[in-house]
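The listed protein sequences derive, respectively, from chains A and B. Using my numbering, read the first sequence as starting at 1 and increasing by one per residue. Using my numbering, read the second sequence as starting at 1 and increasing by one per residue. All C-beta atoms in this analysis are idealised placements derived from N, C-alpha and C, irrespective of residue type, glycine included. Let me begin by presenting the structure, written as structure tokens, before commenting on it.
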Amino acid sequence: MGAGISYSRVGTMKSNLWNRKHLLSMRDIGRGEILSILETAASFREVNHRDIKKVPTLRGKTIINLFYENSTRTRTSFELAGKRMSADVINMSVASSSVKKGETLIDTLATLQAMNPDVVVVRHSESGAQEFLARNLNAAIINAGDGRHAHPTQALLDILTIHDHLPIMGREDFQGLKVAICGDVLHSRVARSNAQGLATMGAEVRFVGPPTLIPAKVEEAFNVKVYHQMDEGIQGVDVVMMLRLQQERMAKAYIPSIREYFHYWGLTRKRLALAADTAIVMHPGPMNRGVEIASEVADDLERSVILEQVANGLAIRMAVLYRLCTPQSRS
Amino acid sequence: MEMGQCLLIKGGRVVDPANNLDETADVLIADGVIVQVGRPEVPGNCRIIHADGLVVAPGLVDMHVHLREPGYEYKGTIASGTRSAAAGGVTSVAAMPNTRPVTDDPSVVGHVLDKARVGGVVNVYPIGAITKGLLGVELSEFGLMLEAGCVAFSDDGATVADTGVMRRALEYARGFGALIIQHAEDPSLVSGGCMNEGVTSSRLGLPGIPVESESIMVDRDIRLVQLTGGRYHVAHLSAAGALEAVAGAQAKGLPVTCEVAPHHFSLTDEAVNGYDTYAKMAPPLRSEHDRNALLEGLARGIVSAIATDHAPHDEESKKVEFCCAANGVVGLETLLPISLELVSGGVVTLSQCLALMTCKPARLLGINRGVLTPGFPADLVLFDMMEAWQIDSGKFHGSARNTPFNGRKVRGRVKKTLVAGKIVFEEGQ
Numbered sequence: 001m002g003a004g005i006s007y008s009r010v011g012t013m014k015s016n017l018w019n020r021k022h023l024l025s026m027r028d029i030g031r032g033e034i035l036s037i038l039e040t041a042a043s044f045r046e047v048n049h050r051d052i053k054k055v056p057t058l059r060g061k062t063i064i065n066l067f068y069e070n071s072t073r074t075r076t077s078f079e080l081a082g083k084r085m086s087a088d089v090i091n092m093s094v095a096s097s098s099v100k101k102g103e104t105l106i107d108t109l110a111t112l113q114a115m116n117p118d119v120v121v122v123r124h125s126e127s128g129a130q131e132f133l134a135r136n137l138n139a140a141i142i143n144a145g146d147g148r149h150a151h152p153t154q155a156l157l158d159i160l161t162i163h164d165h166l167p168i169m170g171r172e173d174f175q176g177l178k179v180a181i182c183g184d185v186l187h188s189r190v191a192r193s194n195a196q197g198l199a200t201m202g203a204e205v206r207f208v209g210p211p212t213l214i215p216a217k218v219e220e221a222f223n224v225k226v227y228h229q230m231d232e233g234i235q236g237v238d239v240v241m242m243l244r245l246q247q248e249r250m251a252k253a254y255i256p257s258i259r260e261y262f263h264y265w266g267l268t269r270k271r272l273a274l275a276a277d278t279a280i281v282m283h284p285g286p287m288n289r290g291v292e293i294a295s296e297v298a299d300d301l302e303r304s305v306i307l308e309q310v311a312n313g314l315a316i317r318m319a320v321l322y323r324l325c326t327p328q329s330r331s
Numbered sequence: 001m002e003m004g005q006c007l008l009i010k011g012g013r014v015v016d017p018a019n020n021l022d023e024t025a026d027v028l029i030a031d032g033v034i035v036q037v038g039r040p041e042v043p044g045n046c047r048i049i050h051a052d053g054l055v056v057a058p059g060l061v062d063m064h065v066h067l068r069e070p071g072y073e074y075k076g077t078i079a080s081g082t083r084s085a086a087a088g089g090v091t092s093v094a095a096m097p098n099t100r101p102v103t104d105d106p107s108v109v110g111h112v113l114d115k116a117r118v119g120g121v122v123n124v125y126p127i128g129a130i131t132k133g134l135l136g137v138e139l140s141e142f143g144l145m146l147e148a149g150c151v152a153f154s155d156d157g158a159t160v161a162d163t164g165v166m167r168r169a170l171e172y173a174r175g176f177g178a179l180i181i182q183h184a185e186d187p188s189l190v191s192g193g194c195m196n197e198g199v200t201s202s203r204l205g206l207p208g209i210p211v212e213s214e215s216i217m218v219d220r221d222i223r224l225v226q227l228t229g230g231r232y233h234v235a236h237l238s239a240a241g242a243l244e245a246v247a248g249a250q251a252k253g254l255p256v257t258c259e260v261a262p263h264h265f266s267l268t269d270e271a272v273n274g275y276d277t278y279a280k281m282a283p284p285l286r287s288e289h290d291r292n293a294l295l296e297g298l299a300r301g302i303v304s305a306i307a308t309d310h311a312p313h314d315e316e317s318k319k320v321e322f323c324c325a326a327n328g329v330v331g332l333e334t335l336l337p338i339s340l341e342l343v344s345g346g347v348v349t350l351s352q353c354l355a356l357m358t359c360k361p362a363r364l365l366g367i368n369r370g371v372l373t374p375g376f377p378a379d380l381v382l383f384d385m386m387e388a389w390q391i392d393s394g395k396f397h398g399s400a401r402n403t404p405f406n407g408r409k410v411r412g413r414v415k416k417t418l419v420a421g422k423i424v425f426e427e428g429q
């Protein structure tokens, strides 16, 4: 793995296929565009392993991280990605959205826009907030997660991580690759963006979880197969992607207890044995050990690629920032 | 007949569903009252309005409108709402009580009527709250509010969710022959949802509202009608299941009726794509299956009225994240052309279509409007049924712009609107 990796084996090399102002969701991002980002990310990876982890690529560019939701990893990842490319990065955490009193979302962004940043990275608790901003303002926007809707850089970093492991699985490309996305799909933007991105790459996506945590008419909405029995759902899959279960889901009667949830949908070593021998285990983090994933699986470096996801996240965000900050890099 | 108070609408296609009339005729008006429809003898100095090529119909009656006054004047006023109505050919509106203060007291009813007399350009009929403060706990004073001028009762915007309270409301209203209008959504199924639950909500990651939230409430209420004998009307019915329940109740002879809104029979939840807050209202836009059921309900005569649920909003309430945006769309100025799509689409005849917006809702509310019978107030709309135009919310006559129909190509344009023989709207004026 590393900078020298070839992307031509998963598709025609089209390094300049990216021509977007924003990155809002995975919905209509094409295969060529995804490959183009993977390739750019791969070329940035090496920077993160240097002694001096900085390149001048985005010198003089300004990136604002505008976060309406608590986030440590995603914000840090974007911040570091910008800084390692020499951009000026500003972090803004806003406690409340327009739901509560205070400045409206659009006014906040208009104020930031007036300072002429090259890109604004936005995380927001409401689905569609970034699309709303992109429609009403001029700034280039990267969606760092909106409600239950989308988290495109997470999907891209997951696709990159799976891509790295294709040779071990004995695969040439994503065609026919089986991916089980398990747990609280209903509330998950990670599940939605991955389902779209992985389907675009040719993978076969399954959603696995209790009926109360699977969105309505999801087969039609996302071209996925739905399984309510975990054992059946992960049978023979190449990738098991676990989702975080928010502990407060019991309050609204989605599940009866953590104990029961873990019993039926938690990923244990025994259960993982049902997946393909070469199957990898992923998790977008933060993990709840003993809720959706057992420590014996999370810490098994033979199977768990969770920390690789974090490393790839940095490379993907560098690639996305690079493409959005430098219009000349677009085709 | 005195000079100057006589008016002849000449040569139009007069469609008066209540009187089974659809023919070229003249309408003679004197002192604001219909005198004769047909070929009346006309006094020499009668003012003549030529209506060749136009449909002449009773002024439209919209039984579900939010005027926002008192309390939310920044969203709309009685003046701006009735101006909108006049521009849409609507001559009578029933005003929902979710104002501030709530219309749950005879004095507020009086206030609305006073304001309407001074600043309104069409007839305003207040609807009183079923429960005080719309809180769903204590009944409002139905009797005194009826005497003050209320035409029906509703907690619209909120649902009377408590089964016991709804039972008492229907029971108590029966004593006055009053109509109870329910906004039927089970709040525990709505539970934070902001659009219809289905493929689109799953894709957009928006919390969905299952269509059963409405059907369940209507099912329950119909059982209460069976128990109490109260007159029950479902506001803005949107669900196939609810329509079926209403049809079943009607077949049993129960006093159950319903209205549908133009947005529900002409759009589906796919209009929300792009997080368009102008496609957000309660109940939400539903699936194609539900939309088709509404069309069938209209064709089969199960639906008694087309009502807009006209809900003007200030821009700030809509220019926010989708889930934070206020519910509601304006509809008065698009009611006629959207409803005429039912005629061009072969769902109903022109006369049936107009009945749903004139005599039928008027009958439900017990008001002497929506007909061209001699002796009745001369409320009329003159429209060109075939004129093609494009809806442009920037040209609306009311204050709000929150319509999902902006840019839609439609047919049927209001040329003149008359209330009690007086022109209150004239195209291009």
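By the criterion of Cβ-Cβ separation under 7 Å, what are the contact partners of residue i in chain B?
i, result
"Pro215 (chain A)", "Ser202"
"Ala221 (chain A)", "Val199, Ser202, Arg203"
"Arg249 (chain A)", "The premise fails here: Arg249 (chain A) is roughly 13 Å from chain B at the closest Cβ pair, so nothing lies under 7 Å."
"Arg189 (chain A)", "Gly205"
"Arg192 (chain A)", "Gly205"
Check each candidate in the options and name the one with the smallest Cα separation from residue i.
i, options, result
"Gly71 (chain B)", "B:Gly44, B:Leu60, B:His111, B:Pro106", "B:His111"
"Gln182 (chain B)", "B:Gly157, B:Ser202, B:Arg203, B:Gly192", "B:Gly157"
"Gly440 (chain B)", "B:Asn273, B:Val15, B:Gln226, B:Gly208", "Because chain B here runs from 1 to 429, residue 440 (chain B) falls outside it and cannot be looked at."
"Gly82 (chain A)", "A:Glu33, A:Arg317, A:Gln328", "A:Arg317"
"Asn143 (chain A)", "A:Val240, A:Tyr68, A:Gln309", "A:Tyr68"
"Asn194 (chain A)", "A:Gly60, A:Thr161, A:Asp51, A:Arg50", "A:Thr161"
"Ala116 (chain B)", "B:Arg83, B:Arg100, B:Asn98, B:Gly143", "B:Arg83"
"Arg203 (chain B)", "A:Ile306, A:Trp18, A:Met26, A:His22", "A:Met26"
"Ile234 (chain A)", "A:Arg249, A:Gly183, A:Ser43, A:Arg84", "A:Gly183"
"Leu243 (chain B)", "B:Val211, B:Thr228, B:Asn273", "B:Val211"
"Gly198 (chain B)", "B:Asp269, B:Val419, B:Leu146, B:Ala245", "B:Asp269"
"Leu294 (chain B)", "B:Ala95, B:Val348, B:Thr91", "B:Val348"
"Gln390 (chain B)", "B:Thr334, B:Ala178, B:Val419, B:Cys359", "B:Thr334"
What residues of chain A sit near residue i, judged by a beta carbon separation below 7 Å?
i, result
"Cys46 (chain B)", "Those do not exist, as Cys46 (chain B) stays about 55 Å from chain A at its closest Cβ, beyond 7 Å."
Residues of chain B with CB under 8 Å from residue i, in chain order?
i, result
"Val218 (chain A)", "Ser202"
"Gly147 (chain A)", "Gly205, Leu206, Cys323"
"Arg20 (chain A)", "The contacting residues do not exist; Arg20 (chain A) stays about 17 Å from chain B at best."
"Ala150 (chain A)", "Gly205"
Since residue i meets chain A, which of its residues come closer than 8 Å, beta carbon to beta carbon?
i, result
"Tyr275 (chain B)", "Ser127, Gly128, Glu131, Phe132"
If you drop the 5 nearest sequence neighbours on each side, which residues of the same chain put their C-beta closer than 8 Å to that of residue i?
i, result
"Glu79 (chain A)", "Asn65, Val89, Asn91"
"Phe376 (chain B)", "Val33, Ile34, Asn368, Arg369"
"Ala155 (chain A)", "Met26, Val190, Ser193, Asn194, Gln196, Gly197, Leu198"
"Arg289 (chain A)", "Ser295, Ala298"
"Gly176 (chain A)", "Gly202, Ala203, Glu204"
For residue i and residue j, which I take to be in contact (beta-carbon distance under 8 Å), what is that distance rounded to the nearest angstrom?
i, j, result
"Arg31 (chain A)", "Thr200 (chain A)", "5 Å"
"Cys353 (chain B)", "Leu342 (chain B)", "5 Å"
"Phe383 (chain B)", "Val55 (chain B)", "5 Å"
Residues in its own chain within less than 6 Å of residue i by CB, not counting five upstream and five downstream?
i, result
"Gly119 (chain B)", "Ile78, Ala79"
"Val179 (chain A)", "Leu198, Ala203, Val205, Val239"
"Pro361 (chain B)", "Val61, Met63, Ala305"
"Ala325 (chain B)", "Thr277, Lys280, Lys318"
"Ile338 (chain B)", "Pro262, Ser266"
Please work out which residues of its chain come closer than 7 Å, Cβ to Cβ, to residue i, disregarding the five sequence neighbours upstream and downstream, and give them in chain order.
i, result
"Pro40 (chain B)", "Asp26, Leu28"
"Ser71 (chain A)", "Arg123"
"Met85 (chain A)", "Val55, Thr57, Leu58, Met318, Leu321, Tyr322"
Legend entry - At least three beta-carbon pairs within less than 8 Å, the stretch 295-302 of chain B to the stretch 110-124 of chain A: no
Inset, instruction - Mind the definition here: the stretch 23-30 of chain B touches the stretch 6-14 of chain B only if three or more C-beta pairs lie below 8 Å; say whether that holds. - result: yes
Inset, instruction - May I ask you to verify whether the stretch 43-60 of chain A touches the stretch 269-277 of chain A, counting CB pairs closer than 8 Å and requiring at least 3? - result: In short, these stretches do not touch, since the Cβ pair count stays below three.
Inset, instruction - Tell me, please, whether the stretch 200-220 of chain B touches the stretch 148-160 of chain A by the rule of three or more beta-carbon pairs shorter than 8 Å. - result: yes
Inset, instruction - Could you tell me whether the stretch 123-130 of chain B touches the stretch 98-108 of chain B, using the rule of 3 or more Cβ pairs below 8 Å? - result: In short, these stretches touch, since the Cβ pair count reaches three.
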